[in-house]
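See structure below.
Numbering (my numbering), first residue to last: 3 to 276.
Have a look at this one:
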């Protein structure tokens with residue numbers, strides 16, 4: 003009986019010792035049985051649980067969801083990707099698609115609204131294909147001089163323009179989380195109608211010259227770099243603030259070459275992630 007008791011105690015001790023280790027839960031679903039020695043700002047250092055006297059290993063902090071220590075405590079590393087449910091920590095699932103509407107968007111085409119689609123291309127959410135498009139309304143007010151009366155007559159007209167910006171978004175820390183920053187280049191194409199000065203159109207019934215505003219069509223093509231603050235209060239709700247700046251390589255007015263022009267856009271977005 004004494005031998006059995008000793009063996010039972012020894013088995014319990016061995017079982018406890020086997021479980022007396024840390025667990026590192028990774029973003030890809032793997033679990034590392036380890037002994038964590040350091041949690042740094044960039045890396046997490048550990049030794050393998052089955053070789054505590056062996057070499058040190060390191061894993062990037064961005065690859066880790068949480069660490070569960072042998073004493074029962076834990077560290078949440080990427081808090082935006084895990085949540086508590088029924089007293090347990092579970093991984094938050096973020097979809098790869100984002101459809102968003104910009105109720106307010108400012109572009110070279112004027113003040114208007116926009117739509118965008120985003121598709122995450124990799125598992126970590128580092129790179130996304132991005133396709134935003136905006137409609138702008140430009141209010142042009144031109145004073146036309148009438149020689150017969152010697153006064154200026156104000157003429158008001160609203161033009162509609164379009165701006166399309168297909169490109170990529172790069173998330174340095176991944177797109178899965180409540181607050182993430184992204185930056186990326188896009189091809190910017192502008193189709194706009196605007197006024198440029200006035201032109202002589204004839205004479206009135208008293209022989210005085212008349213002038214009217216000149217309407218032109220502009221096409222510009224270039225590159226714009228968009229910076230976005232992405233906020234996701236829930237895995238489905240998407241909010242975004244976006245600012246983009248760039249330059250044109252092609253700038254034409256009525257099909258004729260014009261000087262280089264700059265690109266700028268700002269948008270507030272509401273969207274759905276799935």
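Quick reminder that beta carbons are idealized off the backbone N, C-alpha and C, glycines included.
**Report entry** residue 248, DSSP secondary structure in three states
**Finding:** strand
**Report entry** Reference residue 95, options 110, 126, 115, closest by Cα
**Finding:** 126
Query - Chain-order list of residues whose beta-carbon lies under 6 Å from that of residue 47 (same chain, five-residue window excluded) - result: 39, 40, 58, 60
Query raised in the report: Quick one: what's got a C-beta closer than 8 Å to residue 218's C-beta in the same chain, skipping five residues either side?
Result: 195, 196, 197, 198, 255, 256
Query raised in the report: Quick one, which of 228, 56, 30, 68 has its alpha-carbon nearest residue 166's?
Result: 228
Query raised in the report: With a CB to CB cut of under 8 Å and the five nearest residues on each side skipped, what residues in its chain are close to residue 106?
Result: 113, 115, 269, 270
Requested in this report: Tell me, please, which residues DSSP counts as bridged to residue 50.
Outcome: 36
Report task. Classify residue 127 as helix, strand or coil using the three-state DSSP reduction. Result -> coil
Query - Closest residue to residue 246 among 44, 131, 187 (Cα-Cα distance) - result: 187
Query - Identity of the residue in 193, 71, 158, 159 nearest residue 111 by Cα - result: 193
Query raised in the report: Shortest alpha-carbon distance to residue 222 belongs to which of 240, 272, 249?
Result: 249
Requested in this report: Return yes when the Cβ of residue 226 is within less than 8 Å of the Cβ of residue 172, no when it is not.
Outcome: no
Query raised in the report: How many Å lie between residue 63 and residue 262 at the Cα?
Result: 44 Å
Requested in this report: Measure the CB-CB distance between residue 242 and residue 253 and report whether it falls below 8 Å.
Outcome: no
Query raised in the report: First and last residue of the beta strand (DSSP E) that includes residue 70?
Result: 66 to 70
Report task. List the DSSP bridge partners of residue 136. Result -> 116, 165
Query raised in the report: By a C-beta neighbour count over all protein chains shown, 10 Å radius and 16 as the cutoff for buried, is residue 24 buried or exposed?
Result: buried
Query raised in the report: What's the gap between the Cα of residue 97 and the Cα of residue 27?
Result: 20 Å
Requested in this report: Quick one: residues in its chain with C-beta nearer than 6 Å to the C-beta of residue 20, no 5 flanking neighbours on either side, listed in chain order?
Outcome: At residue 20 the pLDDT is 48, less than 50, meaning the model places this residue with poor confidence and gives no usable figure here.
Report task. Please determine, among 180, 216, 224, the residue with the shortest C-alpha to C-alpha distance to residue 237. Result -> 180
Query - Delimiting residues of the beta strand (DSSP E) encompassing residue 269 - result: 264 to 275
Report task. Mark residue 266 as exposed unless 16 or more other C-beta atoms lie within 10 angstroms of its C-beta, in which case mark it buried. Result -> exposed
Query raised in the report: From which residue to which residue does the beta strand (DSSP E) around residue 102 run?
Result: 99 to 109
**Report entry** Chain-order list of residues whose beta-carbon lies under 7 Å from that of residue 15 (same chain, five-residue window excluded)
**Finding:** The predicted model places residue 15 with a pLDDT of 47, which falls under 50 and marks its position as unreliable; any figure quoted below should be read in that light. So the list is empty, once near-sequence residues are dropped.
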